[in-house]
Each structure stands twice: as C-alpha cells, then as structure tokens.
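These notes concern the structure reproduced below.
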Amino acid sequence: MAQYLLSTYTSEGDGGPPPTPEEMQAFMERVAALEAEMDAEGAFLFGGALHGPDAATVVRGGDADPIMTDGPFVEAREHIAGFYIIEAEDLDGALAWGSKVVGAIGHPIEVRPFRATGRVHA
Amino acid sequence: MNHLATADAGAVERVFREAYGEAVATLIRTVGDITLAEDAVQEAFVVATDRWPTDGIPANPAGWIVTTAKRRAIDVIRRSARGRHLQEEAGIATVAGLDRSPVDEPGPVRDDRLRLIFTCCHPSLRREHHVALTLRLLGGLSVEEVARLFFVSEAAMAKRLVRAKYKIKAAKIPYRVPEEADLPARLRSVLSVLSLIYTSGLDGEAGEPLRTEAIRLTRELVDLLPDEPEAAGLLALLLLSESRAPARCVDGDLVLLQDQDRTAWDREMIAEGHAIVRACIRRGRPGPYQLQAAIQAVHAAAATFEATDWPQIVALYDQLLALSPTPVVALNRAIALAEVLGPAEGLAAVDAIPPGLETSHLLHAARGTMLRELERPDDALAAFERAVQLATSDPDRRFLTGQIDALAVDRR
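Spelled out as structure tokens, the structure:
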C-alpha cells in the first residue's frame, strides 16, 4: 500500500456568489457520503478543510530566536484549501479516489505520493 | 542453441533490438525496478555481443537475454545495499524467489510487454514522456537515438527519461494491464502515442526508424490485444500510409497524392492494410483509427488520382467527424468535398471550420489550392505565403514556395 495527499486549491476572488444553504447542504451530503465510502474501503487516513492564508503564520529562526511573520509562506493567488491523506494500492487507486473527490467538491485535485509517512526512527 | 555459421554485429544488434522490449518488460516484473532491469539487460547485451558472433544467435534470443539479465540482476541485489533496498521495496521475499514467476494477477491479458506499454503511456505522465519511455524501454532505442529523433540533446533526453522513471516509482504507477472498465480510455492513450511516434517520423527519410518502430510496436499490440478493433485500425492506417512512403518524398521534395507514382507504392503493405480494414468492417465496431484506415484504403485502391472514389471518402470523413469533431478532420473532409462538389463548395467548407487551425500551414495551403482553382490568384498567393510562414519542415516549405513560384508564372 502507499499513501497519497489529495489536495485542493482555491483562487482568491474566484468564489462567485456564496452557496445557498441548500447548495451547502447538498455539498456536505456529497462529502459525507464520499468519506463514508473511503472509510468502508479503509482508504481514509486523515482529512480536513483549512482556513484561508490570512490565518497563517510563518515561523523562522528556530527555538532560541523565533521570528513570526503574519501571512502564508508562499505569496500566491492559489492557496491550499483542504486535503485528504489516503491509502491506496497504487497511483491508479489514488487517482480513482481523486476523481471521486472532484465529483463531490467540484474542484480540481492534486494527487501526490508520500515519500515517507509516520514517525521518523533515528 | 541454434549455431549459425556467422552472426555479424549488425545481426546481433537487430536481434537484440527485437528482444529488448520483451526482456526489459520481463525483468521489470521480476525485479520491480526499471533502472535495474535496464542495466541488467544492457549487461546481457554486452555478453551477447561477445558470445553470439562465435556461438551463434540462440534459438530464443529474448529468453537467453532474460536468463542472462536475471542472473546479473540477482548479483546486483545480492551484493549491493541498493539491491537489498530494492528487494524490500519490490516485496521480493528471497532472491531465490526471483527465479520463479511471481505474478499471478487478474486481468484480461498476461503479458509483460503489454503491462509495460500501459505503464509507459500512463495518463499521469506527460505526452513527451510517453513517447520517450515507449521508444527507450519497448523499442530498445538508445537515449542518444531517441534524443536525435526529437531534436533534443542527449542530456536533455536522459533527464526527461530519469524524471519519468522517477515518477513511475515515486507515485507507484502500476505495472499491469488496466482492468476491462479502464481499458478503452487507456488504450486510446497508447494508440495515440504510437500514432504520434509514426507521424513524428513523417518528415523526410531521417524519420524512417520512427515509422518502422511505430509499425513494429503497433503490430505487437495487435498481437497482444486481438479483440481491440481500434488497435487493428491503427496498424492498417500506418501500413497504408507507409505504403506510399517511396512515392511521397522524391529527392527530399514532397510529392502530393495526385502527383505520386502509384507503381512505387508498396503493394504488400496495401494488401495487408486492406485485409485488416475488411476484417474491421466485418466486426462492425468502428472507431476513429479504423475510419482513417478505411479512408486510406480507398485512396490505395484507386489506380489513378482521378479514379478515386471521392464520395466514399467524404462519407467516411462524415462518420469520422461525428466521432472526433476536430478542425483537422473537418479540413480533410473539406478537401475531399472539393473533389466531389468543386472548389467553391470546398472553400465554403474550409471557411466554416471552427477556430483552431489558423496557425496550421495545412489550412492555408488548402485554401491556396482552392482559390487558385477558382481563378483568384491574388487571394491564392496570400494564402500560400501565409502557409510558408507557418510551415515547420523544409520539404513543406520547398513545396509551398514552388506553388508560389508557379502562381507567379501563371499571372505573367
């Protein structure tokens, strides 16, 4: 088995009108159904939606002399909005989940393999 | 062993090239790593060039290469840390396990070359990587040869291949034939790679190895997937197109279909192409490659340009356009239509093509030809001049310049 990060991005100002409560409800139902399916298949490891880049802080300088900066590390129009970490047999398996996520959320998904996961053993 | 009296270097090279894809494909399955498989097969080739000229070429060269390469790979795995690491990654429990065939997986076909071509043409890799991997791993072309065919430096091509192989490994692109449900879409990707390899070789004689390789690989694919009519359709299309190669380019100059010496066409390829097209029609599952092959079959069947069954060609283009509504198909249909209804109808059809071909010399060359026939020399000249600016190959440019010169003579 292998682990993959499925991430989705939003662009600043591409939001359009905010979703109606009905649309929001339908969206949540689609996502819940998808996550239930992931659970049933043993694919779901972790997932979540992130606050926007305005809520981000960058830390530099290390323990002794930390420096905090307001804002995201990369100044870009696109920002990571949410992600799943899933387990799949291979890339085809991960891509199949990727297309299901796209179907549920209506945004493109980047599928990226983990090089290593879990705790580092020195 | 089949002891041949002599096996010169050329013969060894040829046999090796044919066995290469099969050997690498088998090794990848057994050792689970593309680079290790390539290295081992390369080493086996060194042994072959040393031994075959005196011992003779073995009866089963691919089997010999696989056995020798497997032994080399086992050595590497036993001796090096990298090998042990690979062994863990590939999930090979013991080195002895390498000698047994570990794969017993479900799937429509069990063949290593087929697995490999689907890996090379995986949709998560970019098109230029599909082409490079397919030619390198299945075609057995050297990095330098692949680089030369695509006019990039050897270093750039090596980098491209390393990057593609890295992604296959890192992202765990599977090494298997897609399941039935995914097969049609994945096969389309493979067929378009083979078709692209062929058309990349269309410009001049330097491209002949690409065309030959594309035909060889497509033939292999048809053997491996006999129930896929589109694979057969592509093979027929390539054979019928290749049958005209001797007449298409004379002294480096492009010769139009209407001016070609049809006695120079390769009758054997035409016969094979026609047989495949007939079999496809009987099967009754048409697709874009089969229809293109059928169009080429109609051309090949005509004794002269004038004897061409143009209404039949227009009808086939109509079917093709319904399946793949691209501007290129629409342009070819318009050109055929001009032969049936005349240049005015042809030009109207060209001008009705949806946007997308403005920067193709083919569109402007077709307009130029039709405008000339409509006795609008100034408009024809403008169209041909635009075509020359956009042409990408020397034979095309020379041909179009010739059209412009001829127009100038006519106007005097």
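Chains A and B are the protein sequences, given in the same order. For the first sequence, position 82 (counting from the first letter as 1) is numbered 80 according to my numbering, and the numbering increases by one without interruption. Just add 5 to the spot in the second sequence (first one is 1) and you have my numbering. The beta-carbon is built from N, C-alpha and C at its ideal position, and this holds for glycine as well.
Contact between residue 278 of chain B and residue 245 of chain B holds: CB atoms are separated by about 4 angstroms, below the 8 angstroms threshold.
Among the CB atoms of chain B, one or more fall inside 9 angstroms of the CB of residue 88 of chain A.
Secondary structure of residue 360 of chain B (DSSP, three-state): coil. Residue-level contact check: residue 177 of chain B touches chain A, since one or more beta carbons of chain A fall below 9 angstroms from its beta carbon. For residue 386 of chain B, the enclosing alpha helix (DSSP H) starts and ends at 382 to 395. Residues of the segment 120 to 133 of chain B with a Cβ closer than 9 angstroms to any Cβ of chain A, in chain order: 127, 128, 129. Under the DSSP definition of a beta bridge, residue 66 of chain A partners with A/57. With fewer than 16 other Cβ atoms from the protein chains shown falling within 10 Å of its own Cβ, residue 67 of chain A counts as exposed. Excluding the 5 residues flanking it on each side, residue 14 of chain B has same chain C-beta neighbours closer than 8 angstroms at 54, 58, in chain order. As a beta-bridge residue in DSSP terms, residue 254 of chain B pairs with B/259. For residue 77 of chain A, no alpha helix (DSSP H) encloses it; the enclosing beta strand (DSSP E) starts and ends at 76 to 86. Residue 32 of chain A is outside the set of residues whose beta carbon lies under 9 angstroms from a beta carbon in chain B. A straight-line Cα-Cα distance of about 28 angstroms links residue 292 of chain B and residue 101 of chain A. Between residue 43 of chain A and chain B, the shortest Cβ-Cβ separation is not below 9 angstroms. Within a 10 Å sphere around the beta-carbon of residue 71 of chain A sit fewer than 16 other beta-carbons, which makes this residue exposed. Residue 91 of chain A sits in a helix when the DSSP states are folded into three classes.
Taking a Cβ-Cβ threshold of 7 angstroms, the residues of chain B close to residue 0 of chain A are 177, in chain order. Residue-level contact check: residue 109 of chain A touches chain B, since one or more beta carbons of chain B fall below 9 angstroms from its beta carbon.
For the pair residue 37 of chain A and residue 116 of chain B, the Cα-to-Cα distance works out to about 34 angstroms. Residue 50 of chain B: member of the alpha helix (DSSP H) spanning 39 to 60, first to last residue. Of the residues assessed, residue 134 of chain B falls on the buried side of the cut-off, its CB having 16 or more other CB atoms within 10 angstroms.
By the C-beta criterion, the segment 190 to 201 of chain B is judged not to be in contact with the segment 103 to 116 of chain A, since fewer than 3 inter-stretch pairs fall below 8 angstroms.
Minimum Cα-Cα distance from residue 8 of chain A among the listed residues A/97, A/49, A/56 corresponds to A/49. Here residue -1 of chain A is exposed. Its C-beta has fewer than 16 other C-beta atoms within 10 Å. Contact of residue 117 of chain B with chain A is not assigned, every C-beta pair being separated by 9 angstroms or more. Given a length threshold of 4 residues, each whole run of the alpha helix (DSSP H) inside the segment 320 to 382 of chain B is given here in chain order: 332 to 346, 348 to 356, 366 to 378. Residue 275 of chain B and residue 212 of chain B have their alpha carbons spaced roughly 21 angstroms apart. By the Cβ-count criterion, residue 300 of chain B is buried, with 16 or more other Cβ atoms from all chains shown falling within 10 Å of its own Cβ.
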